[in-house]
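Structure first, commentary second.
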Amino acid sequence: MWMRLKNIILIASRRLNLEKQTEEQRIYFLWSSVVSRAYGDEYSDRFKPVQFRNKTLFVVCPNSVWVNELQMKNEELAKKINQEIGFPAVERIKFFC
């Protein structure tokens, strides 16, 4: 019996728990893209997503000024990531320095 390559990859990724890792990496990439559009390319490297857990994205900022700035835009940034990814993956973003 032959299986489609797509199905084989899907089964293997589920067994290896790659779906979650792939989603996390995609969210990290989209974070960088959203920040670049909002604040410019020079800032996208300053705000590093370090973890994605329970629909919460944890982001390290260079200082408390940026933590406050980004907290005010929390909902807007999460909404933009969700629009890009196509489903409500990120409910909240926690910023810290």
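The numbering of the sequence shown is the numbering used here, which starts it at 87 and goes up by one. C-beta: ideal position from N, C-alpha, C; glycine also. Computed from a predicted model, the values in this text were never measured in an experiment.
Less than 8 Å separating the beta-carbons of L156 and F133? yes
Report, in whole angstroms, the separation of the C-beta atoms of V120 and K166, which I expect to be a contact under 8 Å. 5 Å
Output the distance between the C-alpha atoms of Y129 and Q169, rounded to the nearest integer angstrom. 21 Å
Measure the C-alpha to C-alpha separation of S118 and G126 and round it to an integer number of angstroms. 10 Å
First and last residue of the beta strand (DSSP E) that includes V146? 142 to 146
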